[in-house]
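A.B. asks: Using full-length UniProt numbering, the first residue of the sequence shown is number 1, and each one after it goes up by one. Take this structure, written in structure tokens, and hold onto it; I'll ask about it next.
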Amino acid sequence: MKRIAVFTSGGDAPGMNACIRAVVRGAVYHGLDVFGIRRGYNGMINGDIFQMSSHSVSNIVQRGGTILKSARSKEFMTPEGRKKAYDQLQKFGIEGLIAIGGNGTFTGATLFYDEYGIPTVGAPGTIDNDLYGTDYTIGFDTAVNTALEAIDKIRDTADSHDRIFFIEVMGRDSGYIAIQSGIAGGAELVMVPEVLTPISEVVETLKAGWSRQKSSSIIVVAEGEEEGNANEIAEKIRQQVQSDIDMRVTTLGHIQRGGIPTAYDRILASRLGLGALEGLMNGEKNVMAGVVNNELVYTPFKDTIRLPKPINEDLLRMVKILSV
Numbered sequence: 001m002k003r004i005a006v007f008t009s010g011g012d013a014p015g016m017n018a019c020i021r022a023v024v025r026g027a028v029y030h031g032l033d034v035f036g037i038r039r040g041y042n043g044m045i046n047g048d049i050f051q052m053s054s055h056s057v058s059n060i061v062q063r064g065g066t067i068l069k070s071a072r073s074k075e076f077m078t079p080e081g082r083k084k085a086y087d088q089l090q091k092f093g094i095e096g097l098i099a100i101g102g103n104g105t106f107t108g109a110t111l112f113y114d115e116y117g118i119p120t121v122g123a124p125g126t127i128d129n130d131l132y133g134t135d136y137t138i139g140f141d142t143a144v145n146t147a148l149e150a151i152d153k154i155r156d157t158a159d160s161h162d163r164i165f166f167i168e169v170m171g172r173d174s175g176y177i178a179i180q181s182g183i184a185g186g187a188e189l190v191m192v193p194e195v196l197t198p199i200s201e202v203v204e205t206l207k208a209g210w211s212r213q214k215s216s217s218i219i220v221v222a223e224g225e226e227e228g229n230a231n232e233i234a235e236k237i238r239q240q241v242q243s244d245i246d247m248r249v250t251t252l253g254h255i256q257r258g259g260i261p262t263a264y265d266r267i268l269a270s271r272l273g274l275g276a277l278e279g280l281m282n283g284e285k286n287v288m289a290g291v292v293n294n295e296l297v298y299t300p301f302k303d304t305i306r307l308p309k310p311i312n313e314d315l316l317r318m319v320k321i322l323s324v
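Encoded structure:
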């Protein structure tokens, strides 16, 4: 293999640039020609492809977002779109791909290989930490710290005004950001998609706190919680408790995606980027590079897409014990 390309796809995550840098500089070190594809699969279809050098990735390891930009491509999910993408790769002589993204990215890569035989190795770039085959994904640590900083600041206001705050964090299908930022932020309760938390249990937790003279509370809610979003949950609770309790809702939203990546994310992204490149060079295909128990591993895309990544039960148990 002499020519490879790297692209980012799906939601951006802090640390993606560090991963791109590792792929490019690793390719240069190993004597490969390396190309960047802008805007994910859309860029592949449109031929937005350019050759990269070591200089191309100077001074980006500390930057959030992705210098290659990202997009979600409906056209690539059609046979016609994938044919256009293949034709563009052929023009540049590209023989293999490094895909930095999540489930949707890896699903597209699997289809592409089945039809055209272009091998891809993935690096897990998503703040949700919901991919089977790695303990942590690129961007997760930064997102948790961003959420934690917000929780710490909101707690000051909650304590000053004797308020209950419902703080909604990202996590449509995964409660990892919620559970870790909630534990670190001393939340009284964390609500995640993986475990149903009835409204009655939230009310009981609040009442137990009031009986201990607790005047303020923080409840962290993952956006995919089964009982609804933070606003809906707050309204349900208002209907069951005394009306003079001051409740507020804060939705953190996309602030969690941006920002300077933490040291952990930069190191993880660099390790995964180089691991993905060297895996591709060594014949790996349709796999994701991950780190499990501090060891670099390769997991088939079909498993990262299909298999769930449950939250550690000990973390859920910790929330209950530490909120007493």
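Cβ coordinates follow ideal geometry from the N, Cα and C atoms, glycine included. All figures in this text were calculated on a predicted structure; none of them were measured in a lab.
Rounded to whole angstroms, what is the Cα-Cα separation between SER54 and THR146?
C.D. replies: Residue mapping note: residue 54 aligns to position 54 of the sequence shown, counting from 1. Residue mapping note: residue 146 aligns to position 146 of the sequence shown, counting from 1. In this structure, the alpha-carbon of SER54 lies about 30 Å from that of THR146.
A.B. asks: On the DSSP letters alone, give me the boundaries of the alpha helix (DSSP H) that GLY283 sits inside.
C.D. replies: Here residue 283 corresponds to residue number 283 of the sequence shown, with the count starting at 1. Premise fails: GLY283 is in no alpha helix (DSSP H) and is neither H nor E.
A.B. asks: In angstroms with no decimal places, state the Cα-to-Cα distance between PHE165 and SER211.
C.D. replies: Counting from 1 along the sequence shown, the entry for residue 165 is found at position 165. Counting from 1 along the sequence shown, the entry for residue 211 is found at position 211. PHE165 and SER211: Cα-Cα distance of roughly 18 Å.
A.B. asks: Pick from GLY279, GLN240 and THR66: whose alpha carbon is nearest that of GLY15?
C.D. replies: Stepping through the sequence shown from its first residue, residue 15 is reached at position 15. Comparing Cα positions, the closest option is THR66.
A.B. asks: Can you give me the C-alpha to C-alpha distance between TYR298 and THR120, rounded to a whole angstrom?
C.D. replies: Working through the sequence shown from its first residue, we reach residue 298 at position 298. Working through the sequence shown from its first residue, we reach residue 120 at position 120. Cα-Cα distance, rounded: 12 Å.
A.B. asks: Do you know whose CA, among GLY186, GLY275, ARG63 and GLU226, lies nearest ALA13's CA?
C.D. replies: As a working mapping, residue 13 is identified with position 13 in the sequence shown. For ALA13, the nearest C-alpha among the options comes from ARG63.
A.B. asks: For a test of the three-state rule: what should DSSP assign to LEU97, helix, strand or coil?
C.D. replies: On the sequence shown, position 97 is the one that residue 97 refers to. Looking at LEU97 - three-state DSSP - the assignment turns out to be strand.
A.B. asks: Closest to ASP130 by C-alpha separation, out of ASP173, ARG155 and ALA158, would be which residue?
C.D. replies: What you label residue 130 is simply residue 130 of the sequence shown in a count that begins at 1. ASP173 is the residue among ASP173, ARG155 and ALA158 whose C-alpha sits nearest the C-alpha of ASP130.
A.B. asks: Please report the distance separating the alpha-carbon of LEU252 from that of THR262.
C.D. replies: On the sequence shown, residue 252 is found 252 positions in, with the first residue counted as 1. On the sequence shown, residue 262 is found 262 positions in, with the first residue counted as 1. One C-alpha to the other measures close to 19 Å.
A.B. asks: Going by beta-carbon coordinates alone, are PHE106 and ILE305 separated by less than 7 Å?
C.D. replies: On the sequence shown, position 106 is the one that residue 106 refers to. On the sequence shown, position 305 is the one that residue 305 refers to. Taking 7 Å as the Cβ cut-off, PHE106 and ILE305 qualify as a contacting pair.
A.B. asks: Would you call the segment 143-157 and the segment 254-272 touching, i.e. three or more CB-CB distances under 8 Å?
C.D. replies: yes
A.B. asks: Can the beta-carbon of ILE4 be found less than 7 Å from the beta-carbon of VAL34?
C.D. replies: Taking the first residue of the sequence shown as 1, we reach residue 4 at position 4. Taking the first residue of the sequence shown as 1, we reach residue 34 at position 34. Contact annotation: ILE4 and VAL34 have beta-carbon atoms nearer than 7 Å.
A.B. asks: Report yes or no: do the segment 266-273 and the segment 234-248 share at least 3 C-beta pairs separated by less than 8 Å?
C.D. replies: no
A.B. asks: Are the segment 69-86 and the segment 35-43 touching by the rule of at least three beta carbon pairs closer than 8 Å?
C.D. replies: Contact between the segment 69-86 and the segment 35-43 is present, with at least three C-beta pairs closer than 8 Å.
A.B. asks: Judging by CA-CA distance, which residue of PHE7, ALA184, LEU206 and ALA289 is the nearest neighbour of GLN242?
C.D. replies: Taking the first residue of the sequence shown as 1, we reach residue 242 at position 242. It is LEU206 whose Cα lies nearest to the Cα of GLN242.
A.B. asks: Assuming GLY182 and VAL319 are in contact, meaning their beta carbons sit under 8 Å apart, how far apart are those beta carbons, in whole angstroms?
C.D. replies: As a working note, residue 182 is residue 182 in the sequence shown. As a working note, residue 319 is residue 319 in the sequence shown. Sure, about 6 Å apart at Cβ, within 8 Å.
A.B. asks: Pick out whichever of VAL249, ILE255 and VAL292 has its Cα sitting closest to the Cα of TYR136.
C.D. replies: Against the sequence shown, residue 136 aligns to sequence position 136. Looking only at VAL249, ILE255 and VAL292, the smallest Cα-Cα distance to TYR136 is reached by VAL292.
A.B. asks: Over the uninterrupted alpha helix (DSSP H) stretch that includes PHE112, give me the two end residues.
C.D. replies: As a first step, residue 112 is located in the sequence shown; it is residue number 112 there, counting from the start. Element bounds for PHE112: 103-116.
A.B. asks: Measuring alpha carbon to alpha carbon, tell me which of SER216, MET247 and VAL192 ends up nearest GLU225.
C.D. replies: As a position in the sequence shown, residue 225 is number 225, starting the count at 1. Minimum Cα distance to GLU225 is reached at VAL192.
A.B. asks: Look up SER323 in the DSSP assignment and say whether it is helix, strand or coil.
C.D. replies: Position 323 of the sequence shown, counted from the first residue, corresponds to residue 323. In this structure, SER323 counts as coil in the three-state DSSP scheme.
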